[in-house]
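Chains as they are written, first to last, in the numbering used here: chain A, 787 to 1300; chain B, 787 to 1300. Note that the Cβ used here is the ideal one computed from N, Cα and C, for glycine as well. One structure is given here, and the rest of the page talks about it.
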């Protein structure tokens, strides 16, 4: 590996003759700074951190998938406000003792709870670089803006959207959904929301989505002043995809009643079961009725990167807006997601607010470029584009597609183990990477099966074996194994089922003997 | 410096007897991962990055404060979507050549544009740790939740708010203002916004703030469906603070007209001039009329950490909600801010949305703790609390207060240089850390002064000397030097004025000879 050092680049820059160097001035004795007096000590600490953190990730398989936060750590994290400075190494030692051992756990190969990505060693290092530049990617003639333009174009291409699609990096799918629905409200609700707001209202705007839609859509509707009442939940079919006929019927009914249908949210990968709505048919309905089509593809849109999985996303390219998480199935460090909006003018108008202190200039740092702060809720914005740029370049798109296929194959493998067991039953179809199942030993009624399933969830975590999460399907409790994990191996699912079978056996013995 | 190594902690954990180790399983030959085949190469790259990035920060004073992004870098950041993997070291080399040299510039000692913090070497290292744990601080029994509880309590105490104040870390002041106003809308607008939304409207809700208020308040009002029309801008006095009598008169008028006054936004440090409203008097008015008091203290609330500056914030402790940036005057790495809401139940109700897959359990990772995802727009949330915890502990609150005082003294020093110069004039009072001024050589009319001031802004950046920004005050263009920079020395302001005087002299010669 050969790397251009920063010193060499600086030197080259001097040789090229940049701006003249400015005169260095020593600090007055009493001038304070957060920079260290001893840079060498910080360097040594940084090296130790790199070694420790890479060891932490390399050896993650040795550790339990979860363990409770002990009283000692809780006590160490409930201290008086520190007035005085401390040695950075001592603070780091406290971190190592009280914080590091009790993570969420999503870096672990057997963490399959909710939908979380695993991160990566190179992604971790990219955060160090973000921290060094400490950029504010709001706008202007600076590299972070060009990097973000680049990754937005890449993400649009990854999802098969036009290469002039507008986009912005945000903290994740929830805010990406908010951005998409803010644009939808502006473009299609028929009201000057930004100017007049509520005062302009005549006829309630209605937004459609399936009953399986993520709760961030409800949250966005509440935030936007539409209210949860504006969110019409359409029933799903047996495969947990939206009933498109029921959708169209609801739109027609609402129009007749004087309401204002303005938006459909379709799912590419529901959180409960990984179902993907029939995007092409939903797009037809949206088009027929003049509604905005927003696709929540938080994790499921990543299937677009796999030639084997891509077909199920047919119609995604007709979306007016798309939400995608980058910290989930693309494993970039938390938190980062992307909102894409087809119509650039609508996107910008949804958030731009003029201010004299933000006026663009023709020269200098404030020169006109993409004003990313006009495309989402943040004005000051971290340089999260860097982790995306470095990770996409380092691993390449093909690798992410391959990992998605691997997780889908693992889900099928786990489903087959569940189906082969007399003690377990699938709770839903497994169309993608999510496996919902429950304990169902012969002779136990539904309530007893639910109780046993809850016990399994707790014990498999408490034993440190694995972290599934849970959900309710058809009114019954289910274990939920959502496989967005590049560290999982097929043998990890064998282990999960083996341990679950052991616990079931123990529980049934306890039950029989009591 | 002695540091407990991670290996030692793991060993100690094994000795204590934690959960039994689970059987390691080798990967099948065809199993893919984002982990490196060669950990040692990544370790070497990590060390090089630490060395380079610390050098980058240590030597920042050698470099120009800004330089344009050259065509070569723009071309390198406009490449086809990478399908294949690349060597991480090669990607890093491209970063070093094309990205690193063209930052926003806020790490530089003479960057005083907009309001941006400088970051710090230890803050940078804390991002590495965040990247290793890659936590999702949404809720549950995991250390990131306890760390965030700790820093929220610390921040409330720093600002003199009750220690049971509810709070959440967000991306910055814009979202913190959105959170505060969402809570205000819920509590005081007299409408079931979350449930019925617009359908419930009778009488337009009105929010009050001064004409100097940050545009994120307009943005929040638009997002919330209130519309910019709901934002009543109250005039300021000569010191750019809100005219409290005019505020009260407007509230009374609006009530008479059937509108619904529900919230006052007061400023602790305006973006244009650093003015702080008379918070105690505004609090009196809010209390008298039953309005929610939100304080935008994005940077100005940091004055609370200085015994010498604290007095001007009298009344802050009566706020119903407060927005504070941590990446500005507290120099934590971008992006991180905090929303505090006095009433816990209102705060939670503003964002909580039930979902079966998020239901808390009594045992395991999903056990009940603070559900931070119920307190703001994000469900998945990065572990930005770590940088706050480490930085507050490492530097101590007293140091931040001292640095704020230093910046305020530097602003006074610069103001005195401006006042002493025949060629410059202050454009506004300098109550805190923001100095607005313009060129005003004898004999030039207002238009010529504005044009000259614009030229100064461009040239001082193009020469790499310093990055001020700009604003309009009383309809005229002004240079704006906002000093939230722990690397600035008093001599840096001497240099700024010296160079500005040189440019003015050159421009006047050019002018006279043309």
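In the DSSP annotation of this structure, residue 952(B) is not part of any alpha helix (DSSP H); the continuous beta strand (DSSP E) holding it starts and ends at 952-956. For residue 1139(A) and residue 843(B), the gap between their C-alpha atoms comes out near 34 Å. A Cβ of chain B is located within less than 8 Å of the beta carbon of residue 1164(A). Contact of residue 1019(A) with chain B is not assigned, every C-beta pair being separated by 8 Å or more.
Secondary structure note for residue 940(A): its alpha helix (DSSP H) is the uninterrupted segment 929-944. Short of 6 Å from the beta carbon of residue 1213(A), and not among the five residues preceding or following it, lie these beta carbons of its own chain, in chain order: 1222, 1223, 1224, 1259, 1264. Taking all protein chains in view, the Cβ of residue 1205(A) is surrounded by fewer than 16 other Cβ atoms within 10 Å, so the residue is classified as exposed. For residue 1078(A), the enclosing beta strand (DSSP E) stretches over residues 1078-1082. What residue 907(B) touches in chain A, judged by beta-carbon distance under 7 Å, is 821, 822, 828, going in chain order. For residue 1002(B), the residues of chain A that pass the 7 Å Cβ criterion are 1165, in the order they occur in the chain. Residue contact with chain B for residue 1058(A): present (Cβ-Cβ distance below 8 Å to some residue of chain B). Interface annotation, residue 1182(A): in contact with chain B, CB-CB separation under 8 Å.
If one requires a minimum length of 4 residues, the alpha helix (DSSP H) runs lying completely within the region 1099-1186 of chain B are 1130-1135, 1171-1181, in chain order. As computed with DSSP, residue 1000(A) is found in no beta bridge at all. In terms of Cβ geometry, residue 993(B) and residue 1071(B) do not form a close pair [threshold 8 Å]. Taking a cut-off of 8 Å on C-beta distances, the region 1091-1099 of chain A does not touch the region 1005-1014 of chain A, as fewer than three cross pairs fall below it. Contact annotation for residue 902(A) against chain B: 922, 1166 [CB-CB distance below 8 Å, chain order].
Here the alpha carbons of residue 989(A) and residue 1030(A) stand approximately 24 Å from one another.
Taking a Cβ-Cβ threshold of 8 Å, the residues of chain A close to residue 944(B) are 867, in chain order. Look at residue 817(B): its C-beta is under 8 Å from a C-beta on chain A.
Near chain A, meaning a CB-to-CB distance below 7 Å, the residues of the region 834-845 of chain B are 834, 835, 836, 837, 838, 839, 840, 841, 842, 843, 844. In summary, the residues of the region 1122-1145 of chain B whose CB is separated from some CB of chain A by less than 9 Å are 1122, 1123, 1136, 1137, 1138, 1139, 1140, 1141, 1142, 1143, 1144, 1145, in the order they occur in the chain. Interface annotation, residue 1283(B): not in contact with chain A, CB-CB separation never under 8 Å. Here residue 1038(A) is exposed, its C-beta having fewer than 16 other C-beta atoms within 10 Å. Residue burial annotation: residue 1101(B) is buried, with at least 16 other C-beta atoms found within 10 angstroms of its C-beta. Around the beta carbon of residue 1299(A), fewer than 16 other beta carbons sit within 10 angstroms, so the residue counts as exposed. Interface annotation, residue 1083(A): not in contact with chain B, CB-CB separation never under 8 Å.
Leaving aside the five residues that flank residue 858(A) on each side, the residues in its chain whose CB is nearer than 8 Å to its CB run, in chain order, 884.
For residue 1048(A), the enclosing beta strand (DSSP E) starts and ends at 1046-1053. Contact annotation for residue 1169(A) against chain B: 1120 [CB-CB distance below 8 Å, chain order]. Nearest in C-alpha terms to residue 894(B), of all of 1126(B), 1103(B), 850(B), 1208(B), is 850(B). In this structure, the CA atom of residue 931(A) is about 45 Å from the CA atom of residue 1243(A). Listed along chain A is no residue with a C-beta nearer than 8 Å to that of residue 1227(B); the closest approach is about 21 Å.
Secondary structure at residue 960(A): helix, using DSSP grouped into helix, strand and coil. Residue 945(B) places its beta carbon 8 Å or farther from that of residue 1055(B). Judged by beta-carbon spacing, residue 864(B) lies within the 8 Å limit of residue 936(A), meaning their Cβ atoms are closer than that value.
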